[in-house]
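For reference, the structure is listed below as structure tokens.
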Amino acid sequence: MIYTFVHINNSMEYKTMLRLQKCLYFKINLFVLWCFVTGFFLFMKFDKLSHLTKYLSATVFLLLSGIEIVRLYLGRYGNLSCRVPELAVFLMLTILMQMPLVSFFLFHPYLLSTPTELTLHAMFWMTTIIEIVYGFRALKQASSLAKSIYLSTTQNHDLSAM
């Protein structure tokens, strides 16, 4: 694994996972492109879709856009500051919310998706899977660092109390 070292007060250092950071950077750029392309194609074919598919696709698009902004922020902040709660929420949002919503756009047969949309949804889906793998590794590393910091402060506190 590749890490970037960040120093805290010259006494403690933690490592950010560089691969997760690169993946999140790519995903931010892909998300902007995905929003424009999906929004454009959704607008163009909105009259051709059935009523249920219209409302589902509009709702999923809005939910996915909102969740993605929050998720990417939490992933970057949690990885850069090595914070366990933010990384855990990032992973939970990714697995429980993001994957089903992206899968709806990728695998729904009645959306009349063009090859451009399918390619973009597949890229979005694959980068989400990669984020899950790297996010899990970053969460394990951040939790072990938080545990070691906690244990070192409790040991120092116990020694100073004697």
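Numbering of the sequence shown is given in the working numbering, commencing with residue -18 and proceeding in unit increments. We put the beta carbon where it would ideally sit given N, CA and C, even for glycine.
- In this structure, Cys4 sits away from Tyr131, with a CB-CB distance that is not shorter than 8 Å.
- With fewer than 16 other Cβ atoms inside 10 Å of its own Cβ, Gly20 counts as exposed.
- Here the alpha carbon of Phe117 sits roughly 7 Å from the alpha carbon of Leu72.
- Secondary structure at His89: coil, using DSSP grouped into helix, strand and coil.
- If you look at Thr40, you'll find it in the alpha helix (DSSP H) that goes His32 to Ser62.
- Contact annotation, Asn60 with Leu1: C-beta distance approximately 5 Å; criterion of less than 8 Å satisfied.
- Taking the CA atoms as reference points, Met(-2) sits about 10 Å from Arg57.
- Per DSSP, the unbroken alpha helix (DSSP H) holding Phe71 starts and ends at Val65 to Met73.
- Taking Glu67 as the centre and dropping the five residues before and after it, the same chain places the C-beta of Leu55, Tyr58 and Gly59 closer than 6 Å to its C-beta, in chain order.
- Pairing Ala103 with Val65 gives a Cβ-Cβ distance that is not under 8 Å.
- For Ser46, the CB contacts under 7 Å within the same chain, skipping 5 residues up- and downstream, are Cys16 in chain order.
- In the three-state scheme derived from DSSP, where H, G and I count as helix and E and B as strand, Ser124 is classed as helix.
- Between the C-alpha atoms of Pro90 and Val13 there is a straight-line separation of about 24 Å.
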